[in-house]
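Position 289 of the sequence shown, counting from 1, maps to 309 under the numbering used here, and the rest follow consecutively. In this text, a Cβ means the ideal position worked out from N, Cα and C, and glycines have one as well. Quick caveat: nothing in here was measured; it's all calculated off a predicted structure.
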Amino acid sequence: MPDTKMPNADISTKILNVKLSNPTILASGIVGISGAACCYAAKNGAGAVIPKSIGPREREGHNNPILTEFKGGFLNAVGLPNTGIDNSLGEIEFAMKNAGVPIIPSIFGGTKEEFGAVAEKMAALKPQMIEVNLSCPNTASDLGEAFALSEKAAAEVVSIVKSKTKVPIIAKLAPNVPSIRRIAKAVEEAGADAISAVNTMPGMAIDVKTGKPILHNKQGGVSGHAIKPIAVNCVYDIYEAVKIPIIGIGGVTTGEDAVEMIMAGAVAVEIGTAIYYRGIDVFRKVSDEVKLFMKENGYSRIKDMVGVAHEK
Ligand SMILES: Cc1cc2nc3c(=O)[nH]c(=O)nc-3n(C[C@H](O)[C@H](O)[C@H](O)COP(=O)(O)O)c2cc1C
21 MPDTKMPNAD ISTKILNVKL SNPTILASGI VGISGAACCY AAKNGAGAVI PKSIGPRERE
81 GHNNPILTEF KGGFLNAVGL PNTGIDNSLG EIEFAMKNAG VPIIPSIFGG TKEEFGAVAE
141 KMAALKPQMI EVNLSCPNTA SDLGEAFALS EKAAAEVVSI VKSKTKVPII AKLAPNVPSI
201 RRIAKAVEEA GADAISAVNT MPGMAIDVKT GKPILHNKQG GVSGHAIKPI AVNCVYDIYE
261 AVKIPIIGIG GVTTGEDAVE MIMAGAVAVE IGTAIYYRGI DVFRKVSDEV KLFMKENGYS
321 RIKDMVGVAH EK
């Protein structure tokens, strides 16, 4: 229950043993992997930064158009362009040395073995955590779909990554599954140390004048306001299914959005699309709004709000 006599609010939070000065984290893919861009997000208030997902080799990504806006957010099919793990370590290292906040590299692979190999190389930098992007619509398991859509495929990736590194891992899940509880349980049992949820939701937009899909890749992923209730629902379900910490992602734009995600069960939130609406200092704005909310509603610590929506 909120303590209405508590005028001060401490917005620091903890994921595993890593302390963040505030609960906002830059979501993967929004500012690329450049070390300077990661530092810029940190300078603008991000409590931690996740660079774009890095895979085993250089990859060009999709042709334009890769991004389109609609009333509820954005639709993207960027196609995971990246320079590959060997060419990216320098940028991650630069960010780790200079950002002043935890840098959480994000990795992906086309096969579970590739995930393991990329994780092993990334772990050499000794990051405090690695986010494992199981949920990108652009990488597929043997079943021809994102790893996070299958308990077995997701668990296999987590197991192999865990066998290659001692760095704690965050399994990033997809929203478009029949039971995210089952997927969450499967990755927890396979050794995931934390879960982040969610990645984008599959979506499509058609230009009715030409009768053709707007994105070059035709289909893409929805982010922003439209997926917030979906993300809150996923975090709520995951909280009931597992004991490991959860990071909530999807449409967080204001302090109240962040609080909602925390009340569903998250210890921190990732923010991506809201940068387009509120600028790169969205992290500072959201943190200030969380602090104000806590003061006005008598919460003194983030952990007092985590999962309160589950209390009977
Ligand atoms: C342009 C764009 C690129 C993205 N690239 C990645 C990526 O490389 N790896 C990843 O795990 N998620 C990626 N995402 C998903 C985001 O990290 C996040 O899960 C999603 O956008 C929902 O959060 P938001 O509504 O705050 O944007 C990308 C999203 C966008 C909009």
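Review point. Can you tell me the Cα-Cα spacing of N96 and G223, whole angstroms?
Key: By 1-based counting over the sequence shown, the position of residue 96 is 76. By 1-based counting over the sequence shown, the position of residue 223 is 203. Going by the C-alpha atoms only, they are around 9 Å apart.
Check your understanding: With distances taken between CB atoms, is the gap from V51 to P71 smaller than 9 Å?
Key -> Looking up residue 51 in the sequence shown gives position 31. Looking up residue 71 in the sequence shown gives position 51. Contact flag set, yes.
Review point. Is N96 helix, strand or coil by DSSP?
Key: Sequence index remark: in the sequence shown, residue 96 carries index 76 (1-based). Here N96 sits in strand by DSSP.
Practice item. Check the DSSP bridge columns for P233 and list the partner residues they point to. Key: For the purposes of this step, residue 233 is taken as residue 213 along the sequence shown, with counting starting at 1. According to DSSP, which records beta bridges pairwise, P233 is partnered with I226.
Point to revise | Cβ-Cβ distance between V187 and Q148 below 9 Å | key: The residue given as residue 187 occupies position 167 in the sequence shown. The residue given as residue 148 occupies position 128 in the sequence shown. A contact, by the Cβ cut-off of 9 Å.
Review point. Leaving out five residues before and five after E171 in sequence, what residues of the same chain have Cβ atoms less than 7 Å from its Cβ?
Key: Looking up residue 171 in the sequence shown gives position 151. When the five nearest sequence neighbours on each side are left out, the beta carbons in the same chain lying within less than 7 Å of the beta carbon of E171 are those of R202, I203 and A206, in order along the chain.
Review point. Any chance the stretch 79-96 sits against the stretch 106-120, with 3 or more Cβ pairs inside 8 Å?
Key: no
**Study point:** Stretch-stretch touch, CB-based, cutoff 8 Å, three pairs: the stretch 126-137 with the stretch 267-276
**Key:** no
**Study point:** Any chain B beta carbon closer than 9 Å to K184
**Key:** Included in the structure is just one protein chain, with no chain B present.
Exercise for review: Put I70 into one of helix, strand or coil per three-state DSSP.
Suggested key: For the purposes of this step, residue 70 is taken as the residue at position 50 of the sequence shown. If DSSP states are grouped into helix, strand and coil, I70 belongs with coil.
Exercise for review: Could you check how far apart the C-beta atoms of G93 and G244 are, in whole angstroms? I think they sit under 8 Å.
Suggested key: One-based indexing of the sequence shown puts residue 93 at position 73. One-based indexing of the sequence shown puts residue 244 at position 224. Rounded, the Cβ-Cβ distance is 2 Å, consistent with contact.
**Study point:** Backbone secondary structure at R77 - three-state DSSP
**Key:** Here residue 77 refers to the residue found at position 57 when the sequence shown is read from its first residue. Coil, per DSSP.
Practice item. On a CA-only basis, which of G299, I266 and M221 is nearest E290? Give me that one, please. Key: Taking the sequence shown and counting its residues from 1, one reaches residue 290 at position 270. Checked all of G299, I266 and M221; the closest Cα to E290 is I266.
Review point. What does DSSP give as the partner residues of R321 in its beta bridges?
Key: Stepping through the sequence shown from its first residue, residue 321 is reached at position 301. Partner(s): D30.
Practice item. Give me the Cβ distance between L40 and A288, rounded to the nearest whole Å; I'm assuming they're in contact under 8 Å. Key: Residue numbering aside, residue 40 sits at position 20 when the sequence shown is read from its first letter. Residue numbering aside, residue 288 sits at position 268 when the sequence shown is read from its first letter. About 6 Å separates the two Cβ atoms, so the contact holds.
Review point. M314 to P249, Cα distance in whole Å?
Key: For the purposes of this step, residue 314 is taken as the residue at position 294 of the sequence shown. For the purposes of this step, residue 249 is taken as the residue at position 229 of the sequence shown. Cα to Cα, the separation comes out at about 21 Å.
Practice item. Within the stretch 273-303, note down every full beta strand (DSSP E) run reaching 3 residues or more, in order along the chain. Key: Segments of the beta strand (DSSP E) lying fully in the stretch 273-303: 288-291.
Review point. What residues are listed by DSSP as bridge partners for G240?
Key: Taking the first residue of the sequence shown as 1, we reach residue 240 at position 220. G223, per the DSSP bridge assignment.
Exercise for review: Taking K311 as the reference, give the member of G55, K91, N42 and Y256 with the closest Cα.
Suggested key: Stepping through the sequence shown from its first residue, residue 311 is reached at position 291. Ranking G55, K91, N42 and Y256 by Cα distance to K311 puts N42 first.
Check your understanding: According to DSSP, what are the bridge partners of F135?
Key -> Taking the first residue of the sequence shown as position 1, residue 135 is located at position 115. In DSSP, F135 forms no bridge with anything.
Check your understanding: Out of curiosity, what's the CA-to-CA distance linking E208 and A214?
Key -> Here residue 208 refers to the residue found at position 188 of the sequence shown. Here residue 214 refers to the residue found at position 194 of the sequence shown. It is roughly 8 Å from the alpha-carbon of E208 to the alpha-carbon of A214.
Exercise for review: Would you mind reading off the limits of the beta strand (DSSP E) that contains F90?
Suggested key: Taking the sequence shown and counting its residues from 1, one reaches residue 90 at position 70. Start and end: L87 to F90.
Check your understanding: Is E290 near ligand 1, going by C-beta to nearest heavy atom under 8 Å?
Key -> For the purposes of this step, residue 290 is identified with residue 270 of the sequence shown, where counting begins at 1. Yes - ligand 1 has a heavy atom lying nearer than 8 Å to the Cβ of E290.
Review point. From which residue to which residue does the alpha helix (DSSP H) around I200 run?
Key: Locating residue 200 in the sequence shown gives position 180, where the first residue counts as 1. Taken as a continuous stretch (DSSP letters only), the alpha helix (DSSP H) holding I200 covers I200 to E209.
Check your understanding: How long is the line joining the alpha carbons of D257 and A286, rounded to whole angstroms?
Key -> Here residue 257 refers to the residue found at position 237 when the sequence shown is read from its first residue. Here residue 286 refers to the residue found at position 266 when the sequence shown is read from its first residue. Going by the C-alpha atoms only, they are around 11 Å apart.
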